[in-house]
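To start, the structure under review is shown below, and the notes come after it.
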């Protein structure tokens, strides 16, 4: 009888579930960070460091089926601003940024989205180089909510060309930016 009791006791101990303690740190949750595609002056790393300091550059790519043009007018840039229009035979070089929500809201204010000057659209970007299987990638960008046409300032085109060059755009793309028709060179000229 003692042997039976000992066996039953051992079985009872083995069948009791082990109570796990809750983790002291909550599990990390990975969230997708939206990708922003810049094609105008926001391609420039110094400008983006001011406007979106928590959003690192995430590569470069091309928007196929879109054409770079200029529209609207901006007093700060002394002329028309870069925008995109659909064109099946064209493509536009872009710089990609992993955009935090805070930086996106800040950039919206810079771009005048709250005032209706720019609107956001989503497009597929074909990455220049990609170490992931998510190519093309869905990105958002701003387009001017105004007419197409207008002449940008030479200063604005210079910032765009320098930014594209820094990001590694092909020489012919940078040359096209540098040789586009431009308005005044600076304030009042």
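In our numbering, the protein residues as written are 4 to 192. Glycine residues also receive a C-beta, built at the ideal position from the N, C-alpha and C atoms. These numbers were taken from a predicted model, which means no experiment stands behind them.
Can you tell which of the options has the C-alpha that lies nearest to the C-alpha of residue i?
i	options	result
residue 3	60, 108 and 79	Because the chain here runs from 4 to 192, residue 3 falls outside it and cannot be looked at.
residue 102	52, 155 and 154	52
residue 91	175, 70 and 80	70
residue 49	163, 115 and 175	163
residue 153	128, 77 and 44	77
residue 89	37, 172, 155 and 127	127
residue 44	123, 94, 86 and 61	86
residue 187	79, 93 and 59	79
residue 104	59, 94 and 93	59
residue 179	94, 61 and 37	94
Just to confirm before moving on: does the CB-CB distance between residue i and residue j stay below 8 Å?
i	j	result
residue 64	residue 99	yes
residue 166	residue 47	yes
residue 130	residue 138	yes
residue 106	residue 57	yes
residue 147	residue 84	yes
residue 170	residue 39	no
residue 81	residue 181	no
Just checking my contact of residue i with residue j at CB under 8 Å: how many whole Å lie between their CB atoms?
i	j	result
residue 42	residue 120	Actually they do not touch by this definition, with Cβ atoms about 16 Å apart.
residue 144	residue 185	Rounded, the Cβ-Cβ distance is 23 Å, inconsistent with contact.
residue 150	residue 54	With a Cβ gap of about 25 Å, residue 150 and residue 54 do not count as contacting.
residue 173	residue 73	At roughly 21 Å, the Cβ-Cβ gap does not stay under 8 Å, so residue 173 and residue 73 are not in contact.
Taking the continuous beta strand (DSSP E) assigned at residue i, which residues delimit it?
i	result
residue 125	121 to 130
residue 143	140 to 147
residue 91	82 to 101
residue 71	60 to 77
residue 39	38 to 41
Return the first residue and the last residue of the alpha helix (DSSP H) that residue i is part of.
i	result
residue 51	48 to 54
residue 118	Neither: residue 118 is in no alpha helix (DSSP H) and is coded neither H nor E.
Closer than 8 Å, CB to CB, is residue i near chain D or not?
i	result
residue 138	The structure shown contains no chain D; it is built from a single protein chain.
I'd like the ranges of any alpha helix (DSSP H) spanning at least 4 consecutive residues and lying wholly in the stretch 151 to 182. 157 to 170 and 174 to 181
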